[in-house]
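First up is the structure itself, then whatever we jot down about it.
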Ligand SMILES: Nc1ncnc2c1ncn2[C@@H]1O[C@H](COP(=O)(O)OP(=O)(O)OP(=O)(O)O)[C@@H](O)[C@H]1O
Ligand SMILES: [Mg+2]
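In my numbering, the protein residues as written are 1 to 255.
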């Protein structure tokens, strides 16, 4: 199964920041997206997940067409994203932020509350256990009961990742998950992303840390000025002349 993106386009004031993008992302793999600042990577994520509306193009996950659906419907279809600038609930605790990201629980519907209290309790316990495991995984247990707004920049990135993991989505889009995270933890997170992937979760990851990303992904796409200018294995892509030129800023032949 795969996430299929075709002819996806978005312009602001006449400038196509995402320009006719066509890629296929396997939901069973770990795929990277790289590119210079302003290339359109985060905007592409917003189009894929429905946070902004595309001018043209299509997005589908497996057999499900996602065009026009709001983010929560796309999440229900099995795909969620994180934000480059974390969007935690600042006044809730770290633990509460994670719990709030768990998929709809029976207890949230009145019928569930009145008819199956035992089941509700069991689900609450399952969520609490998953929260505890996620806190442990992300080294956030020590700050679990503090207001999320007070976390450091790196810790907020970790919480953002945790919130995505809590959803149980089959495909998770991560926007610069390693930005501001210390190198040792980057290696640990990479190892855990590998583990999650081995257990069936797919990832599409935007990262500027090309070393860490290359070790993680089997394929990457390169964006420059709204377009995909190269796709392939990390080593092939990183030795591509057009990619090097795009990163040097001139663009030249990459245009
Ligand atoms: N709402 C908006 N209105 C106008 N221009 C926008 C808007 N959102 C994004 N842009 C522009 O679109 C371009 C792509 O932005 P985007 O955030 O997608 O880049 P990016 O590849 O994620 O960059 P970075 O690596 O710095 O995060 C930028 O030039 C940005 O200024
Ligand atoms: Mg970005």
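Cβ coordinates follow ideal geometry from the N, Cα and C atoms, glycine included.
If you draw a straight line from the Cα of residue 194 to the Cα of residue 177, it is about 14 Å long. Ranking 155, 150, 166 and 143 by CA distance to the CA of residue 134 puts 166 first.
For residue 93, same chain residues with a beta-carbon under 8 Å away, outside a window of 5 residues either side, are 144, 145, 146, 147 and 148 in chain order.
Spatial neighbours of residue 127 in its own chain (CB-CB distance under 6 Å, excluding positions within 5 residues in sequence) are listed in chain order as 99 and 102. Judged by DSSP in its simplified three-state form, residue 218 adopts coil rather than helix or strand. Residue 12 sits in a strand when the DSSP states are folded into three classes. Screening all residues for a C-beta within a distance smaller than 7 Å of any heavy atom in ligand 2 leaves 41, 42, 84, 175, 176 and 206, in chain order. When only Cα atoms are considered, residue 74 and residue 142 end up about 33 Å apart. Proximity of the beta carbon of residue 118 to ligand 1 is not indicated: no heavy atom of the ligand is located closer than 7 Å. Secondary structure at residue 152: coil, using DSSP grouped into helix, strand and coil.
In this chain, the alpha helix (DSSP H) harbouring residue 118 covers 117-137.
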